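A.B. asks: Residue numbers (my numbering), protein chains in the order written: chain A, 1 to 282; chain B, 1 to 282.
2 protein chains.
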Amino acid sequence: MRRRVAFQGELGAFSQVAARQLAGDDFIPEPKQSFEEVFVSVVNGKCHYAVIPIENTLVGSIHENYDHFLKYDLPIRGETFVRIVHNLIAPPGVKFSQLRRVYSHPVALNQCRRFFEENPQIEKTPFYDTAGSVKMVMEKGLTDAGAIASANAAQIYGGKILRKSIEDDRENFTRFFLLEKPTRGRRSGKQAERTAAKRFKTTVVFTTRNLPGALFRSLSAFALRDINLTKIESRPLRGSPWEYLFYLDFIGHVEDPACRNALNHLAELADMLRVLGCYPVG
Amino acid sequence: MRRRVAFQGELGAFSQVAARQLAGDDFIPEPKQSFEEVFVSVVNGKCHYAVIPIENTLVGSIHENYDHFLKYDLPIRGETFVRIVHNLIAPPGVKFSQLRRVYSHPVALNQCRRFFEENPQIEKTPFYDTAGSVKMVMEKGLTDAGAIASANAAQIYGGKILRKSIEDDRENFTRFFLLEKPTRGRRSGKQAERTAAKRFKTTVVFTTRNLPGALFRSLSAFALRDINLTKIESRPLRGSPWEYLFYLDFIGHVEDPACRNALNHLAELADMLRVLGCYPVG
Numbered sequence: 001m002r003r004r005v006a007f008q009g010e011l012g013a014f015s016q017v018a019a020r021q022l023a024g025d026d027f028i029p030e031p032k033q034s035f036e037e038v039f040v041s042v043v044n045g046k047c048h049y050a051v052i053p054i055e056n057t058l059v060g061s062i063h064e065n066y067d068h069f070l071k072y073d074l075p076i077r078g079e080t081f082v083r084i085v086h087n088l089i090a091p092p093g094v095k096f097s098q099l100r101r102v103y104s105h106p107v108a109l110n111q112c113r114r115f116f117e118e119n120p121q122i123e124k125t126p127f128y129d130t131a132g133s134v135k136m137v138m139e140k141g142l143t144d145a146g147a148i149a150s151a152n153a154a155q156i157y158g159g160k161i162l163r164k165s166i167e168d169d170r171e172n173f174t175r176f177f178l179l180e181k182p183t184r185g186r187r188s189g190k191q192a193e194r195t196a197a198k199r200f201k202t203t204v205v206f207t208t209r210n211l212p213g214a215l216f217r218s219l220s221a222f223a224l225r226d227i228n229l230t231k232i233e234s235r236p237l238r239g240s241p242w243e244y245l246f247y248l249d250f251i252g253h254v255e256d257p258a259c260r261n262a263l264n265h266l267a268e269l270a271d272m273l274r275v276l277g278c279y280p281v282g
Numbered sequence: 001m002r003r004r005v006a007f008q009g010e011l012g013a014f015s016q017v018a019a020r021q022l023a024g025d026d027f028i029p030e031p032k033q034s035f036e037e038v039f040v041s042v043v044n045g046k047c048h049y050a051v052i053p054i055e056n057t058l059v060g061s062i063h064e065n066y067d068h069f070l071k072y073d074l075p076i077r078g079e080t081f082v083r084i085v086h087n088l089i090a091p092p093g094v095k096f097s098q099l100r101r102v103y104s105h106p107v108a109l110n111q112c113r114r115f116f117e118e119n120p121q122i123e124k125t126p127f128y129d130t131a132g133s134v135k136m137v138m139e140k141g142l143t144d145a146g147a148i149a150s151a152n153a154a155q156i157y158g159g160k161i162l163r164k165s166i167e168d169d170r171e172n173f174t175r176f177f178l179l180e181k182p183t184r185g186r187r188s189g190k191q192a193e194r195t196a197a198k199r200f201k202t203t204v205v206f207t208t209r210n211l212p213g214a215l216f217r218s219l220s221a222f223a224l225r226d227i228n229l230t231k232i233e234s235r236p237l238r239g240s241p242w243e244y245l246f247y248l249d250f251i252g253h254v255e256d257p258a259c260r261n262a263l264n265h266l267a268e269l270a271d272m273l274r275v276l277g278c279y280p281v282g
């Protein structure tokens, strides 16, 4: 049975590129308007997997998705990285000299500032989605407008790439997570298949009592066992103004003795601790 | 001479409420379209102060402003907290039953979900600014539309408050910073006037070498001296994918011996360390 994979954005979104890396070529793409709809579609069983962006090297974390982790209990099964390449796309036959407007998501437009500075005859025009802007330009058959999106979007909607890779900064990568509904009776975090060769990463969320040195003591659970943290993210704790949740990624499998001990140690210090997933390093 | 205070948004924005708390009543408000324009207007001397939101108890940090700290060297001189109260505002004479659309900033609309669920006849309509939506509704004299914004905005544009405090969550507070251009020859961080009675907070930014335990060791500089951290925020380090800058707030004055020692200790461990400001606790 072909698996349904939900992601935010139109067909051709960067999330679909990530989905292919995480789930292979043979899946049914299920584009959704919002991240919340992506989570809900897996929780209610309409889709098998969700693919969501979690951080970008220029923009930072996608905080909305961190917040959804708490609300929807979907374990992380995998991670992958996609280099974000922005292409200028127009309907076939439209020449660069004809372009007066270029549509895309505001984040993509802001990542192509140099292009707009060098081409002041072209107006940057915010649109709700990168791939969606290609779809719109193609459907309307515009002859004076283009869109900025992935090469994948150009292919899907039959657009022509007029300029490749017009982003200001080439070190533009997004990290994506693969989420799956937990299967009854199996413990979260145990799912990822282990082979000696594979390296694993684990993501947890916790709160500390609001005491001096609480975060320091929490991190000691990892530092004292030489466990390498790769990411820390703080988010406001709802209902407790100026207190925070901490999301941590560390290298290691939850079943490794050192990691198990570190998590037991952290559980002693934390008010709340949840393992969000254990997955092969992407 | 009356001081010019720059903030993002139209007259009546929550930032103007914060500006009043930080700079008193007697200042010339200088509304700007973007946060970047706010920083630039102080750097180039057109305004004396900037007032910017830095974090909200529901939405989290305003990351764009963290990033501007690195680019523009404007020391933090003060902090304050504003409770965000969303009011439904319409032109005088317009009745609640006439309303079919309500305009506001998308974040404000999302914080009033219950109101829209209970009033399905009213469509939520995104607008670029909360106070700006009141201004627009008043200028156009709309009879079927309202806006969601501060009571201050209702007063400025002559709108009438039809419903007070329609936000879902009352624990909705925003923390604001007051920034000032540094005066030549005076050391940043030394400016805030000290009296024995006042408590101070200090904000710093640093990067660590990407080694296991680097963040833990950095935090030890504070924990070993019983200095209380109130906030940690990580942001991507441009040009070094998957490495991070850390912003820390701690209780204490940069000239306190323990804080001075902690900062010297942190400087040993950090690749980069900057004090962004030392200011009275808000």
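In this text, a Cβ means the ideal position worked out from N, Cα and C, and glycines have one as well. Treat the numbers as computed from the prediction; the structure is a model and nothing was measured.
#1: Any idea if T80 of chain B is buried or exposed, counting beta-carbon neighbours within 10 angstroms, 16 or more meaning buried?
#2: Could you pull the DSSP bridge partners for C278 of chain B from this structure?
#3: Under three-state DSSP, which class holds R187 of chain B?
#4: Checking contacts by CB at 8 Å: is H63 of chain A closer than that to chain B?
#5: Give a yes or no on whether 8 Å exceeds the smallest Cβ distance from S188 of chain B to chain A.
#6: Could you compute how far the alpha carbon of S218 of chain B sits from the alpha carbon of I122 of chain A?
#7: Report the rounded CA-to-CA distance for N119 of chain B versus S240 of chain A, giving the unit in angstroms.
#8: Please give me, in chain order, every unbroken run of the beta strand (DSSP E) with length at least 3 that falls completely inside the segment 43-90 of chain B.
#9: Would you mind working out which of A:Q21, A:A18, A:S220, A:H48 sits nearest R2 of chain A, comparing C-alpha positions?
#10: For D226 of chain A, is the classification buried or exposed, using 16 other Cβ atoms within 10 angstroms of its Cβ as the cut-off for buried?
#11: Report the rounded CA-to-CA distance for V85 of chain B versus L22 of chain B, giving the unit in angstroms.
#12: Looking at the C-beta of F14 of chain A, does it have a partner C-beta in chain B at a distance below 8 Å?
#13: Excluding the five sequence neighbours on either side, which residues of its own chain have a C-beta within less than 8 Å of the C-beta of L237 of chain B, listed in chain order?
#14: For L109 of chain A versus K124 of chain A, is the C-beta distance shorter than 8 Å?
#15: For the 8 Å Cβ check, are there 3 or more pairs between the segment 96-105 of chain B and the segment 62-77 of chain B?
#16: Name the residues in the segment 219-236 of chain B whose C-beta lies less than 9 Å from a C-beta of chain A; which are they?
#17: In terms of residues, what are the limits of the alpha helix (DSSP H) holding R113 of chain B?
#18: Cβ of T203 of chain A less than 8 Å from any chain B Cβ?
#19: Drop a sphere of 10 angstroms on the beta-carbon of K201 of chain A, count the other beta-carbons inside from all chains shown, and report buried for 16 or more, exposed for fewer.
#20: Y247 of chain B lies in the beta strand (DSSP E); which residues open and close that run?
#21: Since N300 of chain B and A149 of chain B should fall inside the 8 Å C-beta cutoff, what is the C-beta to C-beta distance between them, to a whole number of angstroms?
#22: Can you tell me whether G189 of chain A is buried or exposed? The criterion is at least 16 other CB atoms within 10 Å of its CB, across all chains shown.
#23: Tell whether a beta-carbon distance below 8 Å holds between E10 of chain B and K135 of chain B.
#24: Using a Cβ-Cβ cut-off of less than 9 Å, give me the residues of the segment 47-58 of chain B that come near chain A, in sequence order.
#25: For Q280 of chain A and chain B, any beta-carbon pair shorter than 8 Å?
#26: Determine, for E37 of chain A, whether the minimum Cβ-Cβ distance to residues of chain B falls below 8 Å.
#27: Is F216 of chain A close to chain B? Criterion is C-beta to C-beta, closer than 8 Å.
#28: F176 of chain A and A18 of chain A: beta carbons closer than 8 Å?
C.D. replies: The relevant details are as follows:
#1: The count along the second sequence starts at 1 and reaches residue 80 of chain B at position 80. By the neighbour-count rule (16 or more Cβ atoms within 10 Å), T80 of chain B is buried.
#2: Stepping through the second sequence from its first residue, residue 278 of chain B is reached at position 278. C278 of chain B pairs with B:T202.
#3: Taking the first residue of the second sequence as 1, we reach residue 187 of chain B at position 187. In this predicted model, R187 of chain B has a pLDDT of only 49, less than 50, meaning its place in the structure is not dependable enough to derive any value.
#4: Position 63 of the first sequence holds residue 63 of chain A. It does; some Cβ of chain B falls within 8 Å.
#5: Taking the first residue of the second sequence as position 1, residue 188 of chain B is located at position 188. Note that S188 of chain B scores 45 on pLDDT, short of 50, meaning its location in the model is unreliable; the coordinates nonetheless yield the value given after this. No, S188 of chain B does not count as interfacial toward chain A.
#6: Indexing the second sequence from 1 puts residue 218 of chain B at position 218. Indexing the first sequence from 1 puts residue 122 of chain A at position 122. Near 47 Å, if we compare the C-alpha coordinates of I122 of chain A and S218 of chain B.
#7: Counting from 1 along the second sequence, the entry for residue 119 of chain B is found at position 119. Counting from 1 along the first sequence, the entry for residue 240 of chain A is found at position 240. Taking the straight line joining both Cα atoms gives about 29 Å.
#8: 49-56, 76-83, 87-90
#9: On the first sequence, position 2 is the one that residue 2 of chain A refers to. That would be A:H48, whose Cα lies nearest to the Cα of R2 of chain A.
#10: Within the first sequence, residue 226 of chain A is the residue found at index 226, counting from 1. The residue is exposed, with fewer than 16 neighbouring Cβ atoms inside 10 Å.
#11: Here residue 85 of chain B corresponds to residue number 85 of the second sequence, with the count starting at 1. Here residue 22 of chain B corresponds to residue number 22 of the second sequence, with the count starting at 1. Rounded to whole angstroms, V85 of chain B to L22 of chain B spans 19 Å at the Cα level.
#12: Sequence index remark: in the first sequence, residue 14 of chain A carries index 14 (1-based). Cβ-Cβ to chain B under 8 Å: no for F14 of chain A.
#13: Against the second sequence, residue 237 of chain B aligns to sequence position 237. Within the same chain, L237 of chain B has close Cβ partners T207, E243, Y244, L245.
#14: As a working mapping, residue 109 of chain A is identified with position 109 in the first sequence. As a working mapping, residue 124 of chain A is identified with position 124 in the first sequence. Yes. Within cutoff.
#15: no
#16: For the segment 219-236 of chain B, residues whose beta-carbon sits nearer than 9 Å to a beta-carbon of chain A comprise L219, S220, F222, A223, L224, D226, I227, N228, L229, T230, K231, I232, E233, S234, R235, P236.
#17: Counting from 1 along the second sequence, the entry for residue 113 of chain B is found at position 113. Per DSSP, R113 of chain B belongs to the alpha helix (DSSP H) from 113-118.
#18: Looking up residue 203 of chain A in the first sequence gives position 203. Not an interface residue.
#19: Position 201 of the first sequence, counting from 1, holds the residue named residue 201 of chain A. Label assigned to K201 of chain A: buried.
#20: Translated into the one-based positions of the second sequence, residue 247 of chain B becomes position 247. Per DSSP, the continuous beta strand (DSSP E) segment holding Y247 of chain B begins and ends at 244-251.
#21: Only positions 1 to 282 of chain B appear in this structure, which leaves residue 300 of chain B out of reach.
#22: Taking the first sequence and counting its residues from 1, one reaches residue 189 of chain A at position 189. The predicted model places G189 of chain A with a pLDDT of 43, which falls under 50 and marks its position as unreliable, so this point remains unresolved.
#23: To locate residue 10 of chain B, count along the second sequence from 1; it is residue 10. To locate residue 135 of chain B, count along the second sequence from 1; it is residue 135. Contact flag set, yes.
#24: E55, N56, T57, L58
#25: On the first sequence, residue 280 of chain A is found 280 positions in, with the first residue counted as 1. For the sequence presented, residue 280 of chain A should be read as Pro rather than Gln. Closer than 8 Å: no.
#26: For the purposes of this step, residue 37 of chain A is identified with residue 37 of the first sequence, where counting begins at 1. Output row for E37 of chain A: interface = no.
#27: The sequence position of residue 216 of chain A within the first sequence is 216, counting from 1. Yes - at least one Cβ of chain B is within 8 Å of the one on F216 of chain A.
#28: Locating residue 176 of chain A in the first sequence gives position 176, counting from the first residue. Locating residue 18 of chain A in the first sequence gives position 18, counting from the first residue. Less than 8 Å divides the Cβ of F176 of chain A from the Cβ of A18 of chain A.
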